[in-house]
Amino acid sequence: MHPRSLPPGRPTQVLAAAFSRLGDALPEEGIGPDEALQRIDGLLTDYGVNLRDAFCAAHLQPPPLAVAVKADALASASNASLDTYDSGPATIAVERWVVTKLAELAGYADGDGVFTPGGTMSNLTALMLARDAAAARRGVNARLSGVHALPEPTVYCSELAHFSVQRACAALGLGENAVRPIEVDDDRRMRTDSLQRALNHAVTPVAVVATAGTTDFGSIDPLPAIADIAERHGAWLHVDAAYGFGALFSDRLSGLLDGLVRADSVTADLHKIGWQPASASVLLVRTAEAFSSLDRSVAYLNPEDDRIAGYDGLLGRTLQTTRRPDAVKVAASLLAYGRQGLGGLVDHCHALARHAAELIAGDPVFELIGEVVLTTVVFRYVATDPELVDEVNAELRRHLMRTGVALVGRTDVGKATCLKFTLLNPTTTFDDLVRLLGLVRHAGAVSEDMLRQEGLA
Ligand SMILES: Cc1ncc(COP(=O)(O)O)c(C=O)c1O
Numbered sequence: 001m002h003p004r005s006l007p008p009g010r011p012t013q014v015l016a017a018a019f020s021r022l023g024d025a026l027p028e029e030g031i032g033p034d035e036a037l038q039r040i041d042g043l044l045t046d047y048g049v050n051l052r053d054a055f056c057a058a059h060l061q062p063p064p065l066a067v068a069v070k071a072d073a074l075a076s077a078s079n080a081s082l083d084t085y086d087s088g089p090a091t092i093a094v095e096r097w098v099v100t101k102l103a104e105l106a107g108y109a110d111g112d113g114v115f116t117p118g119g120t121m122s123n124l125t126a127l128m129l130a131r132d133a134a135a136a137r138r139g140v141n142a143r144l145s146g147v148h149a150l151p152e153p154t155v156y157c158s159e160l161a162h163f164s165v166q167r168a169c170a171a172l173g174l175g176e177n178a179v180r181p182i183e184v185d186d187d188r189r190m191r192t193d194s195l196q197r198a199l200n201h202a203v204t205p206v207a208v209v210a211t212a213g214t215t216d217f218g219s220i221d222p223l224p225a226i227a228d229i230a231e232r233h234g235a236w237l238h239v240d241a242a243y244g245f246g247a248l249f250s251d252r253l254s255g256l257l258d259g260l261v262r263a264d265s266v267t268a269d270l271h272k273i274g275w276q277p278a279s280a281s282v283l284l285v286r287t288a289e290a291f292s293s294l295d296r297s298v299a300y301l302n303p304e305d306d307r308i309a310g311y312d313g314l315l316g317r318t319l320q321t322t323r324r325p326d327a328v329k330v331a332a333s334l335l336a337y338g339r340q341g342l343g344g345l346v347d348h349c350h351a352l353a354r355h356a357a358e359l360i361a362g363d364p365v366f367e368l369i370g371e372v373v374l375t376t377v378v379f380r381y382v383a384t385d386p387e388l389v390d391e392v393n394a395e396l397r398r399h400l401m402r403t404g405v406a407l408v409g410r411t412d413v414g415k416a417t418c419l420k421f422t423l424l425n426p427t428t429t430f431d432d433l434v435r436l437l438g439l440v441r442h443a444g445a446v447s448e449d450m451l452r453q454e455g456l457a
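Numbering (my numbering), first residue to last: 1 to 457.
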């Protein structure tokens, strides 16, 4: 593995070099599996992102657990699916086990769920179930009559909710404008007084989407108060805990998700806090009836008499047909580490984020933006020239990517360009954080110099 976070170079150079490793043409004759694998391995090593590097701290993209990687290879080798009994009995049993354990962790007494190909898809599926439930309340079948069955359908989420909520509404025919963003308080949590006011005007409130772990700040909306409001207005409550669900593994942090059990559905991504190879997203629901509008009996898969005889699978829980058994790697990880083992990893990453925040707050060259909730830290490099701060922060991140020595995240807070550490590497140490901040400081100085020179030229 190259020793840096990213391969050095500009994107065009790196991509061209990686591309060329594969050769110019589709080979007429193959080079054989050993050489092919060697070539692919070399390509990924030389030109890939190195998530095991302690200075690789940009995204909700952890280094995966070795046990999960190995189990995932076993899952691939089996090529089993989950849609029908005969597509893979073992993988169906594994998914049922994992889903039950995660539903119990969420506090559901009769919970159910399904794996999907990512948090975006879990949110989409949840909003589809919410839309169909809203239609059913009006006595219509949205599956047959579409969204026309719903007058003025609306979905509420905080202004910091993930953009997949908007995309889901577009895909579901509700339109992105169906989403009513609700302002957040100083702690970046949805304001419940604003939510209440907005719902007072709702004609068909399809869903309230609370976020448990916003992508940048990890902030967690006030779930119990939001649950009260959603219930009063007959709206489906979906909690997007794509990032935050993993806090439930930790005795120290699990209280942050109090109230989660009142949700109708929950997105939980174990390829974020959970150290799984992507993807390992689970959509949990309070009861299996939530899936009723997805139910299907298909002649070539699960005809009714086969279903009655017990040969059904999990086709009726997702929008997919053939489905990768992502639960296999999760089952292996849960068995290998147990809740406490995973909780220890969560606690370490949380401690890293808190320590990084302390270092940043104590260094005048940086400005800390907001408190740490989970494992992210948002901050800025304070350039000497206040006019250049946004540009310097953006450029220093690109500088780090070009040199490959570190990878940090970027986001906007209001109009300000900020940097972000997303700390999900359990082998990173406090000393690594000191060195990482040193790299950011150096990149900041170099970038400001460069921008000044450009300004003078
Ligand atoms: C809060 C939240 N929800 C949903 C998603 C989407 O997850 P995925 O990238 O697995 O589709 C993300 C991704 O970062 C997220 O942070």
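Where is the CB? At the ideal position from N, CA and C, for every residue including glycine. Note that the structure is predicted; figures quoted are calculated from it, not measured.
- Separation of V382 and P364 (C-alpha to C-alpha, rounded to the nearest whole angstrom) is 8 Å.
- CA-CA distance, A93 to N393, rounds to 49 Å.
- CA-CA distance, C169 to G313, rounds to 28 Å.
- The beta-carbon distance between A178 and T211, rounded to whole angstroms, is 17 Å. This is too long to meet the 8 Å contact definition.
- Only residues of its own chain outside the window of five on either side were considered, and among them none has a CB closer than 6 Å to the CB of A457.
- Contact annotation: L257 and L270 have beta-carbon atoms that are not nearer than 7 Å.
- L129 is positioned such that its CB atom lies closer than 7 Å to that of A290.
- Secondary structure note for D240: its beta strand (DSSP E) is the uninterrupted segment 236-241.
- Rounded to whole angstroms, the separation of the alpha carbons of T427 and P63 is 10 Å.
- Rounded to the nearest whole angstrom, the C-alpha separation of N141 and A242 is 29 Å.
- A Cβ-Cβ contact shorter than 7 Å links A106 with V266.
- DSSP places Y47 inside the alpha helix (DSSP H), whose first and last residues are 33-47.
- Taken atom to atom, the span from the alpha-carbon of L342 to that of L65 is near 10 Å.
- N200 is classed as exposed because its beta carbon has fewer than 16 other beta carbons within 10 Å across all chains shown.
- A Cβ-Cβ separation of about 18 Å leaves P8 out of contact with R435 under the 8 Å criterion.
- For D132, the CB contacts under 6 Å within the same chain, skipping 5 residues up- and downstream, are A142, S293 in chain order.
- Here A210 is bridged, per DSSP, to V239.
- With contacts defined by Cβ atoms closer than 7 Å, G111 and S281 do not form a contacting pair.
- Within the same chain, Cβ atoms closer than 7 Å to the Cβ of V446 are found at H399, the five residues on either side in sequence being excluded.
- The three-state reading of DSSP puts I92 in helix, counting H, G and I together.
- A distance below 7 Å between beta-carbons, with the five flanking residues on each side excluded, links A103 to the following residues of its chain, in chain order: G111, D112, G113, L284.
- Unbroken beta strand (DSSP E) stretches of 3 residues or longer found wholly inside the region 344-381: 366-368, 376-381, given in chain order.
- Judged by pairs of C-beta atoms under 8 Å, the region 323-336 touches the region 74-91, as three or more such pairs exist.
- Distances between the C-beta of G119 and the heavy atoms of ligand 1 include at least one below 6 Å.
- Distance from the C-beta of L60 to the nearest heavy atom of ligand 1 is below 6 Å.
- CA-to-CA, the gap between A202 and A126 works out to about 20 Å.
- Listed in chain order, the non-local C-beta contacts of A356 below 7 Å within the same chain comprise V377, F421, L423, L433, local neighbours out to five positions each way being set aside.
- Between V184 and L223, the CB-CB gap reaches or exceeds 7 Å.
- For L407 against V440, the beta-carbon gap comes to about 11 Å, at or over 8 Å, which does not count as contact.
- Within a 10 Å sphere around the beta-carbon of Y300 sit fewer than 16 other beta-carbons, which makes this residue exposed.
- For the pair D306 and S122, the Cα-to-Cα distance works out to about 28 Å.
- Secondary structure of F421 (DSSP, three-state): strand.
- Within the region 124-149, the alpha helix (DSSP H) runs of at least 4 residues that lie entirely inside it are, in chain order, 142-145.
- Secondary structure note for G455: its alpha helix (DSSP H) is the uninterrupted segment 430-456.
- Around the beta-carbon of G338, fewer than 16 other beta-carbon atoms lie within 10 Å, marking it exposed.
- In the assembly as shown, I40 is an exposed residue. Its beta-carbon has fewer than 16 other beta-carbons within 10 Å.
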